[in-house]
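Taking the working numbering, the leading residue of the sequence shown gets 11, the next gets one more, and so forth. Glycine included, each C-beta is placed from N, C-alpha and C at the ideal position. One structure is given below, encoded as structure tokens.
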Amino acid sequence: MSAATTMLRSVSRMHQKLHMTRRFLGAATAGARTSSHRLVGEAVEKWKYRYLPITSSNLFVVSSTSLRSFQSSATVEAQRRRRGGDSAAPPVMGGGDNESHSARPTPVKDRDIFLAAAKKELDRVEAAIEPMKSCNDVFDVTRSTNDEGDQLSIRLKGSDGTFTLQIDGRNCTMNLSSPVSGVYTYVLCSRTNAWLGMDDAHIMEGMLTRDLIRICNGVPKF
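Here it is in structure tokens:
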């Protein structure tokens, strides 16, 4: 066998090894890329559909830009659902119960049970927003009673307006009036004991928290 033939075979083997090495590295890189994309995708899904519960300990981890983007995506999802798009409806921030994914909650109809739970909820809301008083120039919280039932009001400065939680004993509902989002009606769900939107089962605590932090300093401590 000539020296030239031996050299050509050696070069050929080197090319084969180089080709196999490139294929191996390409497969490994693709696998790592796929794994990375999968992990990022899972994190995005958890962010979108479980809705990060907002507390005083984790609120400031989220930048204001991220929070605005998050709220915008939630609005888009809600619009899609109203147009008959996605069947699974994620809740507005503030919890993760399966009841919030159903079309309508099952309300408590017993008036005595409802009134006791509603007054307890007003007490809970009042305690949760108490720390916000020291963070805002005007944050006046008042309790009163009218023909419909007990009421809790949060008056803010100037044009920021007033939040109102009104118990409606006749209809066994609670109405949230927000200067940010408008008026929503909630019922006490008999299966979860949570206050959920009468029409789409979103969580009252989440809606109130979201609207408060958009125009006030601090965060409710639910």
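- chain C beta carbons: is any one of them nearer than 7 Å to that of Arg-134? Within the model displayed, chain C is absent; a lone protein chain is all it includes.
- Mind checking whether Met-208 and Val-197 have CB atoms under 7 Å apart? Contact: yes.
- Query: How would you write the range of the alpha helix (DSSP H) that Val-135 sits in, first residue to last?
  - Reply: Run containing Val-135: 121-139, per the alpha helix (DSSP H) assignment.
- Message: Is it the case that the stretch 116-124 contacts the stretch 217-226, given that we only count it when at least three CB pairs across the two stretches are under 8 Å?
- Response: No, because fewer than three Cβ pairs between the stretch 217-226 and the stretch 116-124 fall closer than 8 Å, the two stretches do not touch.
- For the putative contact between Lys-119 and Asp-160, defined by C-beta atoms under 8 Å, what is the C-beta separation to the nearest angstrom? About 19 Å separates the two Cβ atoms, so there is no contact after all.
- Tell me, please, which residues DSSP counts as bridged to Asn-185. Gln-176, Thr-195
- Helix, strand or coil: how does DSSP classify Asp-150 here? In this structure, Asp-150 counts as strand in the three-state DSSP scheme.
- Task: Just tell me which of Asn-227, Asn-156, Gly-192, Leu-206 has its CA closest to the CA of Ser-144.
- Result: Closest by alpha carbon: Asn-227.
- Residue range of the alpha helix (DSSP H) that includes Gly-216: Residues 214-225.
- Message: Based on DSSP bridge pairs, tell me the residues matched to Ser-163.
- Response: Thr-152, Thr-174
- Message: Per DSSP, what are the beta-bridge partners of Gly-207 in this structure?
- Response: Tyr-196
- Query: If we ignore side chains and look at the alpha-carbon of each, how far apart do Thr-183 and Met-214 end up?
  - Reply: 12 Å
- Item | Proximity to Thr-195 [Cα-Cα], best of Val-135, Arg-201, Gln-176, Met-30 | Ranking the options by Cα distance to Thr-195, first place goes to Gln-176.
- Would you tell me roughly how many angstroms separate the C-alpha atoms of Leu-132 and Arg-114, rounded to the nearest one? 23 Å
- Query: Thinking C-alpha only, which one of Ala-138, Leu-186, Ser-169 is nearest Val-148?
  - Reply: Ser-169
- Query: When the Cα atoms are used, what is the spatial distance from Glu-55 to Thr-155?
  - Reply: Any reading at Glu-55 must be qualified, since the residue scores a pLDDT of 44, below 50, and its modelled position is unreliable; the value itself is stated next. For Glu-55 and Thr-155, the distance between alpha carbons rounds to 43 Å.
- Query: Would a C-beta distance cut-off of 7 Å place Val-193 and Ser-187 closer than the cut-off?
  - Reply: yes
- Query: So, using beta-carbon positions, are Ala-137 and Phe-232 closer together than 7 Å?
  - Reply: no
- By Cβ distance below 6 Å, which residues in the same chain neighbour Thr-152 in space, the five residues on each side in sequence not counted? Taken in chain order, the residues that qualify are Ser-163.
- Sub-7 Å separation of Arg-134 and Asp-150 beta-carbons: no
- Message: Measuring alpha carbon to alpha carbon, tell me which residue in Arg-19, Arg-224, Asn-181 is nearest Asp-157.
- Response: Asn-181
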